[in-house]
Structure formats: structure tokens, C-alpha cells
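Residue numbers (UniProt numbering), protein chains in the order written: chain A, 1 to 475; chain B, 1 to 475. Contents: one structure, followed by commentary.
Protein chains: 2
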Amino acid sequence: MYKSEQLARSIRALIENGSWQAHSKLPSLREQVQRSGFSLMTVLNAYQELEAQGLVYSKEKSGYFVAGNLATQALAHHPETKLNAHIEINSQVFNYLKATQDEEIVPLGSAFPCSDLLYNAKLMQIIAQHAKRKRSYLNSDSMPPGNLELRKIIASRYSLQGIPTDANDIVITSGALEALNLSLQALTQAGDYILLQQNIFYGAWQAAERLGLKVITIPEHPQHGFDLVSFDAALNKYPIKVCWLMLNSHNPIGFTVSNEIKFQIAKLLHEHQVYLIEDDVYQELYYGAQKPLPMKYFDQHNYVLHCSSFSKTIGMGTRIGWVHVGKFSNAIQHLQMMSTLSASTLVQHALVDFLPSHHYEKHLRQLRLQLEHNKQVFYQFLKAHLSTQCEIYYYSSGYFLWVKLPEHVDSMSLYRQLLEYKIAIAPSSLFRLNTLTQNFIRINCSFNLNERIQQALAQLICCIQQAINHRSDSR
Amino acid sequence: MYKSEQLARSIRALIENGSWQAHSKLPSLREQVQRSGFSLMTVLNAYQELEAQGLVYSKEKSGYFVAGNLATQALAHHPETKLNAHIEINSQVFNYLKATQDEEIVPLGSAFPCSDLLYNAKLMQIIAQHAKRKRSYLNSDSMPPGNLELRKIIASRYSLQGIPTDANDIVITSGALEALNLSLQALTQAGDYILLQQNIFYGAWQAAERLGLKVITIPEHPQHGFDLVSFDAALNKYPIKVCWLMLNSHNPIGFTVSNEIKFQIAKLLHEHQVYLIEDDVYQELYYGAQKPLPMKYFDQHNYVLHCSSFSKTIGMGTRIGWVHVGKFSNAIQHLQMMSTLSASTLVQHALVDFLPSHHYEKHLRQLRLQLEHNKQVFYQFLKAHLSTQCEIYYYSSGYFLWVKLPEHVDSMSLYRQLLEYKIAIAPSSLFRLNTLTQNFIRINCSFNLNERIQQALAQLICCIQQAINHRSDSR
């Protein structure tokens with residue numbers, strides 16, 4: 001990492017955790033040189049980088065200032081809750097996913113990081129070694145709750161984060177998708193009420209539809225990501241049984257909710273005796289020094305089922321996820337026994353050797369740096385070329401950019417148009433109900449900005465401009 | 001294979017396909033020597049082996065005769081259909097499976113062949129090679145319907161059997177269990193009627209319960225395995241939407257239904273416009289020269305969804321199954337996308353190299369021979385030591401023996417008692433409703449009859465004897 005990137009990151013952390021308020025003045029270049037020990041050029045590069053990201057702005061002869069909270073621009077606030085008794089997002093998601101399977105398509109709409117970044121030669125070497133051992137054939141691991149050693153390792157990772165966890169708290173699943181689905185199935189019956197964020201991973205909508213649940217949505221909070229007031233109101237108004245939330249590196253928007261808010265959510269869950277299914281698949285893809293805490297950390301009364309996987313860190317093809325089951329271990333194992341039985345035993349064995357080695361942590365460190373770098377490059381490219389009528393929401397984790405287009409631009413039409421150019425984006429209708437405006441897109445920026453990707457982004461920018469102009473022309 | 005085994009097998013085939021009727025006289029030893037070209041000793045050994053298996057009996061000075069049809073003894077005939085609006089087999093299966101997970105337990109109740117038999121060094125070598133290639137990380141295969149090359153190979157295996165099949169007809173799943181579940185989910189809605197065999201793989205009961213289906217059962221036919229009259233009557237009486245049947249190496253009983261009956265089933269399905277989910281996971285584990293035909297072969301009008309996997313041939317840990325989807329490809333892919341996304345891409349890649357090689361066919365040949373041998377050894381041991389009040393039903397495929405105990409012996413109590421000795425068997429209540437008698441057990445005889453297994457069988461025989469005596473004592 002360049003020194004300027006390092007400095008920019010530490011300043012960004014101060015801005016994002018609220019230490020440096022909006023519109024307060026940054027230390028002058030000279031002061032910063034003295035404070036940091038970096039050269040003037042390094043400090044200047046760092047400030048310009050932050051400016052390019054929209055985190056600070058400069059006034060001539062006055063220096064640099066902290067920008068208004070990005071999220072303030074990003075999230076329009078609709079503080080009402082919504083009841084959506086019938087969900088019909090399924091077919092759309094299916095068609096979308098099928099359309100983007102083609103290898104010739106530039107996968108800017110993908111939910112997975114560029115597979116080149118996930119490739120880990122050491123893990124593959126370990127898998128190859130295991131493939132030579134007869135033990136990988138044994139049946140003992142191929143039943144719920146999964147390989148004991150692997151569960152111990154996952155449990156110890158929770159414990160290291162201050163969440164006392166035992167191997168018996170963990171059930172290994174075929175990816176986080178199965179973890180989330182089994183959890184919801186274990187906790188609900190058809191007709192039950194479930195609470196979702198207004199924008200959320202489409203898997204939540206699909207599961208709700210499939211299980212015949214009534215969905216209440218609450219809007220995102222413009223500054224904090226999560227709206228406690230709406231949440232409390234919804235819990236008071238509806239007999240909600242389960243919430244399904246993303247609070248770290250939210251998909252599709254990208255925000256991470258503060259610990260204070262998480263603490264309050266936990267309190268409300270306990271007060272209302274409502275369970276939470278926490279989707280935390282991006283937990284390892286933070287950019288700062290600290291892994292964000294999951295809701296499970298604040299969960300003193302066992303209302304949280306925490307779901308994650310290795311799909312976003314070592315590859316979706318591994319199909320190994322897990323759920324921290326709380327008191328629902330039996331119910332979830334039971335459902336798994338009826339549906340898929342187990343995840344690949346070979347890969348489970350291999351992970352047991354790979355995870356505790358320094359290789360995994362090293363891999364994660366590199367992955368985070370690469371994702372941060374690529375996201376910044378994407379951001380700068382879009383910021384430089386995209387119409388100023390669009391707003392780009394940059395959060396320092398993960399690999400998504402959430403882009404707000406002018407209200408008259410329909411992201412689904414844009415998606416269809418780009419598909420003709422063999423480019424996929426994720427339109428907002430995948431994540432939110434049709435009753436809301438659909439002028440948002442999610443862009444996967446985990447890729448190197450090579451010529452192919454740059455051409456795709458240029459085409460995206462061009463199509464957006466056309467859509468904007470089309471409205472202006474027809475006025 | 002010994003010559004005597006070869007001869008015994010060809011005679012057994014003649015008996016089982018009905019060419020040699022019950023109580024008809026076998027060729028004399030001398031005649032058989034002339035016919036077969038084998039030595040007198042070989043012929044004698046073969047006849048004695050068949051006698052040990054209960055397939056023939058000898059009369060002093062008269063020679064050998066074909067025994068009464070085994071199935072006639074085995075399957076009491078209850079030609080009425082049954083409506084079971086509410087199923088509660090789930091919890092019992094769960095407790096059963098959990099209790100038998102312990103590695104210290106002798107797994108005579110397991111549904112999977114002894115893992116030593118499944119181990120294939122060549123496959124593992126191929127997996128190890130693939131684990132060194134970056135390509136296994138690519139995302140293109142990790143979406144339904146699964147790896148194209150693998151689907152082509154599976155399709156060609158159908159085509160070789162005379163079932164014209166295209167790669168697009170196949171969806172790869174996480175084992176056959178997922179294939180069966182997704183098929184049922186795609187075809188039914190809560191409240192629909194489904195038809196099952198009276199005894200069937202517990203996964204069918206679990207799926208029916210989970211999806212809220214009404215279950216109609218038909219009894220097995222004492223001679224033919226499948227009762228066409230009951231089947232026709234049930235289709236006429238109830239608005240059945242889907243059947244879920246096993247017709248090859250039936251689990252738990254073991255019979256394989258004749259082609260003539262399969263043809264008639266296909267006709268009735270078409271007449272009544274009813275779909276069939278065919279569970280054919282033991283299709284490769286036949287002992288004769290010909291792989292039994294699946295219902296799919298007789299299905300001219302696309303009413304059959306044929307489900308199978310590699311779990312019973314190369315290991316349950318592989319978690320690769322498939323469904324021949326007929327016209328339901330989209331519906332099934334759609335459901336898979338919502339639940340598990342895909343099976344392990346690495347293993348899919350490896351199978352693409354392994355399956356078309358001669359290694360897989362060689363592996364299958366060895367596996368069949370070993371299973372046949374082990375099953376015969378088990379059968380002979382049980383026949384020699386088990387109370388004559390029990391009936392053992394031997395069919396020449398797979399690795400299950402279905403044992404009928406005297407009616408007053410409850411297989412569930414026997415199961416619990418044996419568990420204290422660290423021995424698991426499969427009691428009939430796993431496969432049939434509680435309203436029926438539960439005096440059957442399924443024994444997995446895929447193991448080498450080593451000391452540990454022999455002790456377990458001796459303990460089983462002893463406990464059965466005690467249970468029989470207990471009744472006699474209390475009279």
C-alpha cells in the first residue's frame with residue numbers, strides 16, 4: 001500500500017466514525033506533515049484522494065474540509081414501515097441471474113468478488129493433499145452439524161471477537177444461502193410476519209415468498225444506515241416473529257451500522273422477543289483495523305442467528321457456510337437432514353488445515369487491500385465521468401458501489417439495455433419492492449480496471465447519460 | 001469371481017425373472033455339468049450356495065428345486081390404499097440419524113455402503129490435480145443447472161440406456177436428496193395429494209410433511225414388488241398430483257420391478273396425467289448383466305423426473321446428484337437458486353475427467369462384486385443363526401437385507417436395545433407409518449464380515465431371540 005493510501009485510510013476512519021464532523025477543517029498540509037511524519041507530497045496525495053472520493057472538499061486558500069455525510073445524500077428517508085403481504089421478486093431475480101451467467105458478460109452485477117482475488121494457491125494445495133487421503137471419504141462428517149474440527153475453528157473465531165462460542169453452537173451449511181434459508185424455515189410458519197430492511201439481498205425476498213410470509217419493511221436511516229425509530233414502530237405495530245437484517249457492509253447499499261445502534265437493536269429484540277437472522281457474509285471484507293462486530297456480540301438473550309460463509313473470501317464454489325444457531329441447533333440440523341444432508345466433506349477437511357494457518361489471515365489481508373484499491377479506482381473513474389446528476393455512495397468496506405440515478409431513469413431498462421452490450425449491472429428492483437422508485441444500481445467493483453472493464457464502465461456511463469438526456473429531450 | 005458364483009448368479013437370474021417357477025426341479029448335477037461345462041464340484045458349490053440363500057431347496061434322492069418366491073413370504077399383501085393426511089415421521093428419523101452418527105456405533109442401520117468400498121484412489125488423484133488448477137475457482141459452474149460437461153456426460157449415460165437425453169435435461173444438485181426435494185417442491189403446493197409406496201425412503205415422508213402434502217400409500221405387491229391394481233385404484237380415487245416411487249433396488253425392501261410393470265405404470269401416469277418423481281439412487285448397484293431400466297425409459301410423455309447421484313457409488317461426501325428434469329428445468333433451477341445455488345464446483349470438474357475414463361466402470365464393476373459377495377456372506381450368516389421365526393428377504397442387487405421378525409417383536413424396541421450395545425439397525429418405522437405393524441428391520445450388509453461386524457450380528461441375533469422368547473415366556 002502506498003503511504004498516501006495509508007494516510008487517507010486513517011483519515012477516512014476518523015471521518016466515518018464521527019471523530020471528525022462534517023464541514024470541520026482538516027489539519028493543514030504542513031500540520032499533517034508534522035503529525036504524520038510523511039512527506040508533503042504524500043499528504044497532498046492523500047488529501048486529493050479523499051477529495052476524489054468525495055469525503056473531503058477543498059476551499060481555495062482555506063484548505064480541506066470534511067464533506068457532509070455521504071449517507072445523508074445517499075438515502076432518502078421514508079420513515080414509514082410497509083406491509084407487503086405478497087412478494088413477487090422471485091421470477092425477476094431468476095431471469096436476472098440466468099441472464100448474467102454467460103461468461104462473455106462483464107459481471108458488474110455480480111454479488112461475488114472477482115474470482116481471481118479469491119484464488120488461494122495454498123488452500124488448493126491443501127485440498128489436493130486431502131484428496132490423496134482416504135479419510136476424506138469417511139461418512140462421519142457428512143451429517144449435520146458438520147465437521148467438528150471446522151466447527152471448533154469457526155467457534156474460536158467468534159470467541160476471539162468477544163463472543164463466547166462453542167463448536168455446538170455452529171452448524172455447517174452449503175453456503176450462507178442455506179444457512180439463512182434453514183434459519184428462516186426453522187423460525188417461521190406460513191403467514192408469519194417477518195421484518196426486512198427496505199433494500200436487502202434478494203435471497204430474503206425469495207425466502208419470504210417461498211415460505212408464504214408477510215413482510216414488513218423499514219427504510220434505511222439516511223445517516224446511520226439503520227432506522228431505530230422505524231424499527232421500534234414496526235415491532236410495536238405488527239406481530240413480527242423474525243427480522244432478517246444486514247448491518248455490516250449492507251448489500252446492496254454498503255453501510256455498516258454503529259455499535260451503539262446494534263446495542264439498541266439487541267435491546268429491542270429482547271424487549272419484543274423477536275428473533276434476528278443476521279446476514280453477515282461480508283464480515284471479513286472491512287477496510288479499517290477492526291472487524292465490525294456482528295449483532296451476535298450484543299445478543300445477551302440468544303435472539304440472534306448469525307449466518308456467514310467462506311464464499312466471499314475463498315470462493316463461492318467451496319459452498320461452505322455456517323450458522324451460529326443459538327438454541328435452534330436441533331431444528332436447523334433437522335431441516336438440513338431433510339434437504340441437503342451436508343456440505344462437501346473434502347472441503348471441510350481442507351479448511352480445517354487451512355484456516356488456522358497464517359495463510360488465511362494473509363489471504364484476507366491481501367484481499368481487503370485489493371478490494372479497497374479496486375473500489376477506489378472504480379469510484380474515481382465513475383466520479384470523473386458519470387453525470388453529476390448521479391450520486392455515488394462510497395462506504396469503506398466490501399466491493400459494491402450503490403449509485404443513485406436521476407429519478408426518471410429506470411434501472412431495469414438500463415439493465416436490459418446494457419445486457420445487449422454484454423454488460424450486467426444489478427438494478428435496484430432486485431433488492432426492493434416495485435412500489436418504490438427504481439433509480440438505483442449496484443456495481444461490483446472488485447475487478448481490476450483493465451481495458452475490458454473500463455470499456456464496460458464507459459458504456460454504462462454512456463447509457464446512463466442517454467437515459468438522462470432522453471428525458472431532457474422529451475420535455 | 002469363482003466359477004460357482006458365476007453359475008449361481010445365472011441360475012438366480014432365471015429364478016428371479018420367473019423363467020424357473022417355484023418348486024420346479026433344477027437340472028440334475030450331471031445335466032448341469034454337461035450344460036455349463038463346469039466341473040461337478042463347481043456345480044455342487046453353486047447349488048449349495050443357492051440353497052444357503054434360500055433360493056432352492058433339496059429333497060433327498062430327488063435333487064434341487066426352486067424355492068417358493070421369496071417375496072411371497074416377504075410381503076404380506078394389504079391391497080387397500082391409505083390416506084395419511086398428517087405425517088409425523090420427521091422427529092423420529094432425526095433422532096435415529098443423530099443416534100447413529102457416533103463413529104463407535106456399528107452402522108448396520110446406515111443407508112450408505114461401507115465407505116471403504118467407495119474409496120477410489122483414481123478419483124481422488126483427479127480431484128487433487130484439479131485442486132491445483134485455478135479453473136476450479138471459476139464461477140461459471142456455480143449456478144444452476146451446473147457444469148455443462150458433467151451434464152453432457154450424465155446425459156450420454158442415459159442415451160446409452162436408450163433414453164435420448166440432452167445436457168439441458170439435467171440439473172446438477174447437492175446429492176439426490178436435493179434432487180428429490182426440489183422436484184417435489186416444483187411439482188406441488190401445500191394440500192396436494194402425493195402417492196408413495198407403503199414402505200419407502202424416509203426422505204419422502206419428511207418432504208411430504210415439510211411441504212404439507214396429503215399422502216396416499218399403496219402396498220407392495222407380494223410377488224412383483226409393485227401393485228398395479230392398488231396403484232390404478234388410488235389414481236382413480238384421489239386427485240393425486242405426484243407419485244414418488246422407487247422401482248429399482250427398492251429401499252428398504254430391495255426388490256426391482258419388472259419392465260412390463262414399469263411400462264404399465266408409465267401408461268397409467270399418462271392416462272391420469274400424474275407426475276412421477278423416481279428415486280433411482282441404487283441404479284448402478286445391480287448384480288446381473290444389465291442395468292435395470294428406469295421409469296424414464298418408458299416415459300413417452302414426459303411425466304417422469306428421474307433422480308440419482310454418485311453418493312452410493314463414489315461416496316456420500318461428494319454431494320453430487322442430479323435430476324432428469326423433463327419440462328421442469330426452469331422451475332427446479334429457480335428453486336435451487338433460492339436454496340443452495342450449486343454443488344461443489346471442484347468435484348464437478350473432477351467428475352468430468354473421472355467419469356468417462358474406464359476407471360469409473362472398473363470401480364463400479366468391483367463395487368458390485370464386493371457388494372454381492374458381502375451381501376451373500378451376511379445372508380448366509382443370518383440364515384444359519386437367526387431364529388427360523390424370522391424371514392430374510394434377499395434380492396440380487398444393492399446391499400440391504402429386509403428382515404421380517406415375528407409380529408410381536410417391535411423393531412423400535414430392538415433398535416433401542418441394540419443402540420446400548422453400540423449397534424445401529426434401521427427399524428421399519430423409519431419407512432412406514434405407525435399404523436402398520438413394525439416387525440421389520442433393514443440391515444446394511446455392505447461390510448466385510450470382520451470380527452467387529454460378526455459380533456454385532458451375533459448380538460443382533462441374540463437380542464431378536466430374547467425378544468421372541470420374551471413373548472413365549474409371558475404366555
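Backbone N, C-alpha and C define an ideal beta-carbon position, used for all residues, glycine too.
**Item:** Where arginine 151 of chain A falls, given that 16 or more other Cβ within 10 Å makes a residue buried
**Value:** buried
**Prompt:** Taking Cβ-Cβ distances below 8 Å as the criterion, which residues of the stretch 169-182 of chain A are in contact with chain B?
**Reply:** Ser174, Gly175, Leu177, Glu178, Asn181
**Request:** Report the neighbours of alanine 337 of chain B on chain A: residues whose CB is nearer than 7 Å to its CB, in chain order.
**Result:** Reading off the sequence shown, one finds methionine at residue 337 of chain B, where the question assumed alanine. Correct list: Phe94, Leu97.
**Request:** Just the chain B side, please: which residues come within less than 9 Å of arginine 210 of chain A by C-beta, in chain order?
**Result:** Gln185, Leu335, Met338, Ser339
**Asked** For the candidate residues A:Arg9, A:Gln300, A:Ile265, A:Tyr158, whose alpha-carbon lies nearest to that of alanine 233 of chain A?
**Response** A:Ile265
**Asked** alanine 71 of chain B: buried (16+ other C-beta within 10 angstroms of its C-beta) or exposed?
**Response** No answer about alanine 71 of chain B holds up, because its pLDDT of 40 lies below 50 and its placement is not dependable.
**Item:** Beta-carbon separation (whole angstroms), valine 56 of chain A vs leucine 7 of chain A, contact threshold 8 Å
**Value:** Wrong, their Cβ atoms sit about 12 Å apart, outside the cutoff.
**Request:** For alanine 384 of chain A, count neighbouring C-beta atoms within 10 Å of its own C-beta (all shown protein chains included) and say buried if the count is 16 or more, exposed if not.
**Result:** exposed
**Asked** Hey, how far is the Cα of proline 145 of chain B from the Cα of glutamine 333 of chain B?
**Response** 6 Å
**Prompt:** Taking all protein chains shown into account, do 16 or more other C-beta atoms lie within 10 angstroms of the C-beta of arginine 319 of chain A, making it buried, or fewer, making it exposed?
**Reply:** buried
**Prompt:** Would DSSP call glutamine 197 of chain A helix, strand or coil?
**Reply:** strand
**Request:** Would you please state the rounded distance, in angstroms, between the beta carbons of glutamate 104 of chain A and lysine 422 of chain A? I believe it to be under 8 Å.
**Result:** 5 Å
**Request:** Flag this pair as yes or no: are the beta carbons of glutamine 348 of chain A and asparagine 45 of chain A separated by less than 8 Å?
**Result:** no
**Prompt:** Under a three-way DSSP split, which group does cysteine 463 of chain B fall into?
**Reply:** helix
**Asked** So who's on the other strand from cysteine 114 of chain A, going by DSSP bridges?
**Response** Answer is none; cysteine 114 of chain A lacks a bridge partner.
**Prompt:** How about asparagine 69 of chain A: is its C-beta nearer than 8 Å to some C-beta of chain B?
**Reply:** Confidence at asparagine 69 of chain A is low in this model, with a pLDDT of 47, below 50, so its placement is unreliable and the value that follows should be read with caution. Output row for asparagine 69 of chain A: interface = no.
**Prompt:** Taking C-beta to C-beta, are tyrosine 395 of chain B and phenylalanine 226 of chain B nearer than 8 Å?
**Reply:** no
**Request:** May I ask which residues mark the beginning and end of the beta strand (DSSP E) holding glutamate 407 of chain A?
**Result:** Careful: glutamate 407 of chain A lies outside any beta strand (DSSP E) and carries neither H nor E.
**Beta-carbon spacing of tyrosine 275 of chain B, valine 242 of chain B below 8 Å** = yes
**Message:** Are the CB atoms of serine 309 of chain A and serine 142 of chain A within a distance shorter than 8 Å?
**Reply:** no
**Asked** Just curious, the alpha helix (DSSP H) that aspartate 353 of chain A is in, first and last residue?
**Response** 345-354
**Residue nearest to serine 258 of chain A in terms of C-alpha spacing, selected from A:Gln290, A:Tyr96, A:Glu271** = A:Gln290
**Prompt:** How long is the line joining the alpha carbons of glutamate 16 of chain A and alanine 186 of chain A, rounded to whole angstroms?
**Reply:** 37 Å
**Request:** State the start and end residues of the unbroken beta strand (DSSP E) segment that holds lysine 241 of chain A.
**Result:** 240-245
**Message:** Please report whether the beta-carbon of glycine 37 of chain B lies at a distance below 8 Å from any beta-carbon of chain A.
**Reply:** no
**Item:** Below-8 Å beta-carbon distance, methionine 246 of chain A vs any chain B residue
**Value:** no
**Message:** Which same chain residues end up closer than 6 Å to cysteine 114 of chain A when comparing Cβ atoms and leaving out the 5 residues on each side of it in sequence?
**Reply:** Ser446, Phe447
**Request:** Could you work out which residues of chain B lie near tyrosine 127 of chain A, taking near to mean beta carbons separated by less than 8 Å?
**Result:** Per the sequence presented here, residue 127 of chain A reads as isoleucine, with tyrosine not at that position. Ordered by position in chain B, the residues that pass the 8 Å Cβ test against isoleucine 127 of chain A are Ile127, Ala128, Ala131, Leu346.
**Item:** Coarse secondary structure for leucine 305 of chain A, derived from DSSP in three states
**Value:** strand
**Request:** Just the chain A side, please: which residues come within less than 8 Å of glycine 203 of chain B by C-beta, in chain order?
**Result:** Met338
**Asked** Hey, isoleucine 253 of chain B and glutamate 220 of chain B are a contact pair by Cβ (cut 8 Å); roughly how many whole angstroms apart?
**Response** 6 Å
**Message:** What residue range does the beta strand (DSSP E) around isoleucine 218 of chain A cover?
**Reply:** 214-218
**Request:** For chain B, find out if any of its Cβ atoms is closer than 8 Å to the Cβ of methionine 124 of chain A; answer yes or no.
**Result:** yes
**Message:** Just to confirm, is the Cβ distance from cysteine 463 of chain A to glutamine 417 of chain A under 8 Å?
**Reply:** yes
**Asked** Alpha carbon to alpha carbon, what distance is there between phenylalanine 65 of chain A and glutamine 34 of chain A?
**Response** 19 Å
**Asked** Could you give the residue range of the beta strand (DSSP E) that holds tryptophan 322 of chain A?
**Response** 321-324
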